[in-house]
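Peer 1: Protein sequence lines correspond, in order, to chains A and B.
At the far end of the first sequence sits residue 424, using this note's numbering, and the numbering has no gaps.
At the far end of the second sequence sits residue 154, using this note's numbering, and the numbering has no gaps.
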Amino acid sequence: MNYHAKILSAEKDHVLLKNVGKIDPMSIDAYIKAGGYEGLRKALAMDPQKVIEEVSESGLRGRGGANFPTGRKWTFTANAKADQKYIICNADEGEPGTMKDRILMEGDPHQVIEGIIIGAYAVGATKGFIYIRGEYRKSIETITKAIADAEKKGFIGRGILGSKFDFELYVAEGGGAYICGDETALIESIEGKRGEPRMKPPFPPVVGLYGKPTVVNNVETLANVPHIIKNGSAWFTKKGPAGSPGTKIFMLVGDVNDPGVVETTFDRTPMDIIETYGKGVDGAFKFAQIGGASGNIFTAEMMKNPMTYDRMAEMKVSYGTGSIFVANESRNVVEFLSTIARFFEHESCGKCTPCREGTHRIRQIIEKFEFGEGTISDLELLEELALVMKKAALCGLGQACVNPFLDALRYFKGEILAN
Amino acid sequence: MSSENTKIKEVIQEYAPEKGNLMAVLRKVQQECGNHLPPEVMKEIAIATGIPLNRLYGFVSFYTMLSPVPRGRHIIRVCKDGPCNFKDGWVITDLLEKELGIEVGETTEDGRFTLEETACIGACTEAPAIMVDDVTYANVTPERLGEILKKYR
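1. Please report the distance separating the alpha-carbon of A:GLU420 from that of B:SER68.
2. Helix, strand or coil for A:GLY5, going by three-state DSSP, please let me know.
3. Against chain B, which members of the region 10-32 of chain A pass a CB distance test of less than 8 Å?
4. Compare the C-beta of A:GLY70 against all C-beta atoms of chain B and say whether one is closer than 7 Å.
5. Which residue's Cα is closest to the Cα of B:GLU107: B:ASN6, B:ARG74, B:LYS152?
6. My output table needs one value for B:ILE103: the three-state DSSP class, helix, strand or coil.
7. Can you pull the chain B residues whose beta carbon is under 9 Å from the beta carbon of A:LEU257, in chain order?
8. How far does the beta strand (DSSP E) with A:THR252 in it extend, from its first residue to its last?
9. Residue range of the beta strand (DSSP E) that A:GLU268 falls in?
10. Residues of the region 187-216 of chain A in Cβ contact with chain B at a cutoff of 9 Å, in chain order, please.
11. Considering just the uninterrupted stretch of the alpha helix (DSSP H) at A:MET394, what are its terminal residues?
12. Tell me the start and end of each unbroken beta strand (DSSP E) in the region 52-123 of chain B that is at least 3 residues and wholly inside, in chain order.
13. Cα separation between A:GLY124 and A:LEU45?
14. If I follow the unbroken beta strand (DSSP E) through A:GLU94, where does it start and stop?
15. A:TYR282 to A:GLN294, Cα distance in whole Å?
16. Does the pairing of the region 335-348 of chain A with the region 165-180 of chain A give three or more beta-carbon distances under 8 Å?
17. Out of B:LEU101, B:GLU117, B:GLU118, state which residue places its alpha-carbon closest to the alpha-carbon of B:GLU110.
18. If we ignore side chains and look at the alpha-carbon of each, how far apart do A:ILE28 and A:TYR8 end up?
19. Quick one: grab the DSSP three-state call for B:MET2.
20. Can you pull the chain B residues whose beta carbon is under 9 Å from the beta carbon of A:THR103, in chain order?
21. Would you kindly report the start and end of the unbroken beta strand (DSSP E) that includes A:SER328?
22. Is the CB of A:ALA177 under 7 Å away from at least one CB in chain B?
23. Could you compute how far the alpha carbon of A:MET317 sits from the alpha carbon of A:SER323?
24. Measuring straight from C-alpha to C-alpha, what distance separates A:LEU411 and A:THR226?
25. Given 8 Å as the limit, is there contact between the region 112-125 of chain B and the region 74-91 of chain B, that is, 3 or more CB pairs closer than that?
26. Identify the continuous beta strand (DSSP E) that holds A:TYR416 and give its terminal residues.
27. Does any residue of chain B have a CB that is nearer than 7 Å to the CB of A:ARG107?
28. Any idea what DSSP makes of B:ILE23, helix, strand or coil?
29. Should B:MET2 be flagged as near chain A, meaning a C-beta pair shorter than 7 Å?
30. What does B:TYR138 pair with, by DSSP beta-bridge criteria?
31. Does the beta-carbon of A:GLY216 have 16 or more other beta-carbons within 10 angstroms, so that it is buried, or is it exposed?
32. Can you pull the chain A neighbours of B:ASP95, defined as C-beta to C-beta under 8 Å?
33. Using 8 Å as the Cβ pair cut-off and three pairs as the minimum, do the region 350-360 of chain A and the region 372-383 of chain A touch?
34. Using a Cβ-Cβ cutoff of less than 8 Å, which residues in the same chain neighbour A:ILE166 once the five nearest sequence positions on both sides are dropped?
35. Would you kindly work out how many angstroms separate the C-alpha atoms of A:ILE12 and A:LYS284, rounded to a whole number?
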């Protein structure tokens, strides 16, 4: 089985990657033999409210990049009154440098599905979708097969495992739009519309798919859920430092000697992860961008901080999806920014003016520096534009895509001007 | 031509809004029509599904994997994002353009290949990566590129 990614961390440290490469992902029996669906069995014997409490107490936070406490999100949907509720697993992974969701779906699909079913039971959703980006054809096929097998075994359908809980799960395909990673754009896309984000509030947990309360969780977030229910929240909080429990999948890409995927705890520093698992930086370290194209730029000094939620908040940065994209001394900051500027200009959906125009103008300004025509007033304009977008853009794309530009202005202004 | 095509009709019948499968249905119809959705087919879908034609066109033109204009039998997607760029992904793109005699966004004269850019395809630890149709090729080198193309010639 070729996952197009090497797993670098040790098996004994794995929770989410435990089965990946070890069991046949196409065999539900192999998953059950490895202890699978025990979390679901346990959850169905609990009151849904108790399931939410367990997840809340575990301190699990969203792994898609926004770090929102999962239990709290579930509570919103559980408390909303409606004749129909939905759960959506966001598998529209598209953040450059990120492949964790693909590996989880293709390497251990039932772990994700079990998490979705438990989440559905907790919030009272009888219908669910897993929205997988269209480029991940293999993930779509693997998950589709896994859902069919789970139905045959009675984990999905009517009266699941003899309980009164009914649940249907469908695969919804993406069509090559990065913006659909935004939960409201994703909802629009499932509804058969262009993937343009909605005005918020109301938020999806209250008004979501087809106007009904909808909880949207990332693949990696949901993959954690069966383990939390099976082993208890105390087991989860014991993994990793206080306040940042559990494990996280990090991806080492760019100028790293041995690029690959690492599952570890949040007390690690990015530089420690690179040195321990990735055989160090290829060349002399210049900077890293952590968390995808809209991720923050980390200097050598920042790379020495653990990736706990507290420490990241103090530094006013986020580790986003967990991709660690390393640039060595040979890399030109303007070229680096140019790639990002083109990416966002292309991926902006065009619905709101700050993002549609802003991403276009950012690309033009960066291009000026590529051709050696940029001036200090261009950089002032860039900064002003970035701050406006951060405040005025409709969704996370327009608000966050300016991060690397603002960070570059802080750390590499001289180099940009010298271009 | 399309009204005779029973396969297309069958696929359109699969459309069920409650299953969120418009994208999947259009993708399958597109496969039957040579990687794009011609105007007369879109009209047929609009009539069968009740989705207004303008909304359907808006949908098809929004998502890069669907196309209202003709494309080649095989679609080559090159990643232009940071991690692939760092591993000289642009060299592969340049080579493809030269080899096929087209630029990104164009289709070869014989209608065999369309070259497109794509957002990250999640193979960054083995960059550079490209996709041909549904298959991802990682660690692509100029030497390997020739072998890959041969499979589709």
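Just so you know, even glycine gets a beta-carbon here, dropped at the ideal spot from N, CA and C.
This one's a predicted model, so the numbers in the text were calculated from it and none came from an experiment.
Peer 2: Taking the geometry as given:
1. The alpha-carbon separation between A:GLU420 and B:SER68 amounts to approximately 41 Å.
2. Not covered by the structure: residue 5 of chain A. The range shown for chain A is 6 to 424.
3. Hits within the stretch, in order: ALA10, LYS11.
4. It does not; no Cβ of chain B falls within 7 Å.
5. Comparing Cα-Cα distances from B:GLU107 to each of B:ASN6, B:ARG74, B:LYS152, the minimum goes to B:ARG74.
6. Note: B:ILE103 maps to coil in three-state DSSP.
7. For A:LEU257, the neighbours in chain B by C-beta distance under 9 Å run, in chain order, THR126.
8. Counting along the chain, the unbroken beta strand (DSSP E) around A:THR252 starts and ends at 252-259.
9. Here the beta strand (DSSP E) through A:GLU268 covers 265-270.
10. Closer than 9 Å at the C-beta level to chain B, one finds these residues of the region 187-216 of chain A: SER194, ILE195, GLU196, GLY197, LYS198, ARG199, GLY200, GLU201, LEU214, TYR215.
11. Where A:MET394 is concerned, the enclosing alpha helix (DSSP H) stretches over 381-397.
12. Taken in chain order, the unbroken stretches of beta strand (DSSP E) that lie wholly in the region 52-123 of chain B and span 3 residues or more are 75-80, 114-119.
13. C-alpha separation (whole angstroms): 10 Å.
14. Sequence inspection shows Cys at residue 94 of chain A; the Glu mentioned does not correspond to that position. That run of the beta strand (DSSP E) goes 91-96.
15. The C-alpha of A:GLN294 is placed about 18 Å away from the C-alpha of A:TYR282.
16. No: the two stretches stay apart, fewer than three of their Cβ pairs being nearer than 8 Å.
17. Closest by alpha carbon: B:LEU101.
18. Those two C-alpha atoms are separated by around 14 Å.
19. Note on B:MET2: pLDDT 48, under 50, position unreliable in the model; no value is reported.
20. Near A:THR103 (Cβ distances below 9 Å), the residues of chain B are CYS121, GLY123, CYS125.
21. Taken as a continuous stretch (DSSP letters only), the beta strand (DSSP E) holding A:SER328 covers 328-333.
22. It does; some Cβ of chain B falls within 7 Å.
23. Approximately 6 Å, taken between the alpha carbons.
24. Going from the Cα of A:LEU411 to the Cα of A:THR226 covers about 29 Å.
25. Judged by Cβ distances under 8 Å, the region 112-125 of chain B makes contact with the region 74-91 of chain B, as three or more pairs qualify.
26. Run containing A:TYR416: none in the beta strand (DSSP E); it sits in the alpha helix (DSSP H), 408-423.
27. For A:ARG107, a Cβ of chain B is located within less than 7 Å of the residue's own Cβ.
28. For the sequence presented, residue 23 of chain B should be read as Leu rather than Ile. Note: B:LEU23 maps to helix in three-state DSSP.
29. Its pLDDT being 48, under 50, B:MET2 is placed unreliably by the model, and nothing is read from it.
30. According to DSSP, B:TYR138 bridges with B:ILE131.
31. Counting the other Cβ atoms within 10 Å of the Cβ of A:GLY216 gives fewer than 16, which makes it exposed.
32. Within chain A, no C-beta atom comes nearer than 8 Å to that of B:ASP95; the closest sits roughly 15 Å away.
33. At 8 Å Cβ cutoff, the stretches do not touch.
34. It should be pointed out that residue 166 of chain A corresponds to Leu in this sequence rather than to Ile. Cβ within range, chain order: LEU45, ARG46, LEU49, GLY159, PHE160.
35. For A:ILE12 and A:LYS284, the distance between alpha carbons rounds to 13 Å.
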